[in-house]
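Below is one structure, written out as structure tokens, with a few remarks after it.
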Amino acid sequence: MQFNNLLLHIDQGVGVITINRPKKLNALNKETIQELHDAVKSLNASKDIRVIIITGSGEKAFVAGADISEFSDFSVQQAAQLAREGQNILFDFIDQLSTPVIAAVNGFALGGGLELAMAAHFRVASANARMGLPEVSLGVIPGYGGTQRLAQLIGKGRALEMITTAQMIDALKAERWGLVNAVIPQDELLSYCLSLAEKIKRNSPLAIAAAIRAVNANYQEGVQGYDVEISEFAKCFGTDDFSEGTSAFLEKRKAKF
Ligand code: COA
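Below you can see the structure in the form of structure tokens.
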């Protein structure tokens, strides 16, 4: 696949997507959002790809936000469409993907950039990373799921502090608040994420997909997460992965998924 705004590197079952607009601090314009959708969708469709990592090019930014120049003159209707389409094709799409997605936050993750990182299944930050939802400083609020996911991840009080002050937090505070799982020196960030990917790759992709669905069920309105867990747990028993996993354990060998 050819992209204007992304680099795609596939190696040993891991797809690394690098958002590549460094002169604009990797800001998400419409084309980049569409390309991210296409890249993630095609990686997810490949049985050989077991983990997806999303990062930003350069040493300064993961993604400095949605591209402000594209929507500064939008009407109320256009704004609604922008947020809805973005949530559908990218942010919710990643959140609900069956292949685990890790955000390697290598610098500024602001606005839509932090929302993208939060849509991933988990986040690792470089020591220089800074995160924030500064939208109210522009007279708007987060529109790509930020008001929901930030509160889910760090709690309502901390989320509203970040959103109302529009201030950035550094990587260590983000780790303390549970927004990122670890803080790693920048030059080791990708190799650390690849080492996590190696651990994920040892496990059943079908069970991982079921686990993502079950965990996500907690955040879906009208859905009873415990019931989804029972149903996903039971479905695993009908899979080849379960036969292989349990046989391998009993035969004292490594499972091959
Ligand atoms: N949308 C569009 N362009 C952006 C952008 C965004 N969200 N963030 C950065 N850029 C562009 C800048 O306009 C600049 O382009 P130019 O060189 O053509 O003028 C380039 O990226 C570099 O940014 P600059 O502001 O010069 O870098 P800096 O080191 O001085 O500041 C930031 C870095 C991240 C603090 C600053 O760029 C910033 O505040 N960006 C906007 C963050 C934001 O509000 N995001 C939420 C959007 S809803």
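Using the working numbering, read the sequence shown as starting at 7 and increasing by one per residue.
No residue lacks a Cβ here, since even glycine has one placed at the ideal position from N, Cα and C.
- Tell me, please, whether the region 147-160 touches the region 187-201 by the rule of three or more beta-carbon pairs shorter than 8 Å. no
- Message: Per DSSP, what are the beta-bridge partners of Ser132 in this structure?
- Response: The residue you call residue 132 lines up with position 126 of the sequence shown. Paired residue(s): Ile190.
- Item | For Val234 and Asn35, the rounded distance between their alpha carbons | The residue given as residue 35 occupies position 29 in the sequence shown. The residue given as residue 234 occupies position 228 in the sequence shown. About 36 Å.
- Item | Contact under 7 Å by Cβ, Ala177 with Ala135 | For the purposes of this step, residue 177 is identified with residue 171 of the sequence shown, where counting begins at 1. For the purposes of this step, residue 135 is identified with residue 129 of the sequence shown, where counting begins at 1. Yes, the Cβ-Cβ distance between Ala177 and Ala135 is below 7 Å.
- Task: Look at Gly145 and Met174 and say whether their C-beta atoms are less than 7 Å apart.
- Result: Sequence index remark: in the sequence shown, residue 145 carries index 139 (1-based). Sequence index remark: in the sequence shown, residue 174 carries index 168 (1-based). In this structure, Met174 does not lie closer than 7 Å to Gly145 by Cβ.
- Message: Does the distance between the C-beta of Ile236 and the nearest non-hydrogen atom of the ligand COA fall short of 6 Å?
- Response: Against the sequence shown, residue 236 aligns to sequence position 230. No, Cβ of Ile236 sits at least 6 Å from all heavy atoms of the ligand COA.
- Message: Would Ala109 and Arg90 qualify as a contact pair, given that the criterion is a beta-carbon distance under 7 Å?
- Response: Working through the sequence shown from its first residue, we reach residue 109 at position 103. Working through the sequence shown from its first residue, we reach residue 90 at position 84. No, the Cβ-Cβ distance between Ala109 and Arg90 is not below 7 Å.
- Message: Taking the beta strand (DSSP E) that Asp17 belongs to, which residues open and close that run?
- Response: Looking up residue 17 in the sequence shown gives position 11. Element bounds for Asp17: 12-17.
- Task: Identify every residue that forms a DSSP beta bridge with Asp176.
- Result: Against the sequence shown, residue 176 aligns to sequence position 170. According to DSSP, which records beta bridges pairwise, Asp176 is partnered with Arg136.
- Query: Could you give the C-beta distance for Pro140 and Ile206, rounded to a whole number, given that I count them as a contact under 8 Å?
  - Reply: Position 134 of the sequence shown holds residue 140. Position 200 of the sequence shown holds residue 206. 32 Å between Cβ atoms; not a contact.
- Message: Let's see if you can read the secondary structure: which residues bound the beta strand (DSSP E) around Ala110?
- Response: Your numbering for residue 110 matches position 104 in the sequence shown. First-last of the beta strand (DSSP E) with Ala110: 107-111.
- Message: If the criterion is Cβ atoms closer than 7 Å, does the pair Phe68 and Gly113 meet it?
- Response: Along the sequence shown, read from residue 1 onward, the residue named residue 68 stands at position 62. Along the sequence shown, read from residue 1 onward, the residue named residue 113 stands at position 107. Yes. Within cutoff.
- Straight-line Cα distance separating Asp246 from Arg27: Sequence index remark: in the sequence shown, residue 27 carries index 21 (1-based). Sequence index remark: in the sequence shown, residue 246 carries index 240 (1-based). If you take the alpha carbons of Arg27 and Asp246, they lie about 42 Å apart.
- Query: So what does Ile58 bridge to, in DSSP terms?
  - Reply: Position 52 of the sequence shown, counting from 1, holds the residue named residue 58. DSSP output for Ile58 lists Gly21, Val107 as bridge partner(s).
- Query: How is the alpha helix (DSSP H) around Leu202 delimited, first residue to last?
  - Reply: Residue mapping note: residue 202 aligns to position 196 of the sequence shown, counting from 1. First-last of the alpha helix (DSSP H) with Leu202: 195-207.
- Who are the near neighbours of Ile100 in its chain, counting only those whose CB is closer than 7 Å to its CB and skipping five residues on each side? Counted from its first residue, the sequence shown places residue 100 at position 94. Around Ile100: Val46, Val107, Ala125, Ala126.
- beta-carbon Ile100 near the ligand COA non-hydrogen atom, thresh 6 Å: By one-based count along the sequence shown, residue 100 stands at place 94. Because no heavy atom of the ligand COA lies under 6 Å away, the Cβ of Ile100 does not count as near it: no.
- Task: May I ask you to check if the CB of Ala72 is nearer than 6 Å to at least one heavy atom of the ligand COA?
- Result: Sequence index remark: in the sequence shown, residue 72 carries index 66 (1-based). Yes, the ligand COA has a heavy atom inside 6 Å of this Cβ.
- Task: Find the nearest neighbour of Ile218 within the set Glu238, Gly251, Val142, judged by alpha-carbon distance.
- Result: As a first step, residue 218 must be located in the sequence shown, where it is residue number 212. For Ile218, the nearest C-alpha among the options comes from Glu238.
- Task: Please state if the CB of Ala70 and the CB of Lys33 are separated by a distance shorter than 7 Å.
- Result: Taking the first residue of the sequence shown as position 1, residue 33 is located at position 27. Taking the first residue of the sequence shown as position 1, residue 70 is located at position 64. The question names Lys, yet the displayed sequence has Ala at residue 33. A contact, by the Cβ cut-off of 7 Å.
- Report back the beta-carbon spacing between Ser143 and Ala172 to the nearest angstrom; my notes put them in contact at under 8 Å. The sequence position of residue 143 within the sequence shown is 137, counting from 1. The sequence position of residue 172 within the sequence shown is 166, counting from 1. Right, the Cβ-Cβ distance comes to about 4 Å (below 8 Å), so this counts as a contact.
- Item | Beta-carbon proximity of Ala131 to Val186, cut-off 7 Å | Numbered from 1 along the sequence shown, position 125 holds the residue referred to as residue 131. Numbered from 1 along the sequence shown, position 180 holds the residue referred to as residue 186. Yes. Within cutoff.
- Item | His43 versus Ala203: straight-line alpha-carbon distance, rounded | The residue you call residue 43 lines up with position 37 of the sequence shown. The residue you call residue 203 lines up with position 197 of the sequence shown. Each residue's Cα considered, the two are about 21 Å apart.
- Item | Neighbourhood of Leu13 by C-beta distance below 6 Å, restricted to the same chain and skipping five residues each side | Position 7 of the sequence shown, counted from the start, is the residue given in the question as residue 13. Counting only Cβ-Cβ distances below 6 Å, and skipping sequence neighbours, we find Thr24, Asn26.
- Should Pro140 be counted as a contact of the ligand COA given a C-beta to heavy atom distance under 6 Å? Start at 1 with the first residue of the sequence shown, and residue 140 comes out as number 134. Yes; taking the cut-off as 6 Å, the Cβ of Pro140 has a heavy atom of the ligand COA nearer than that.
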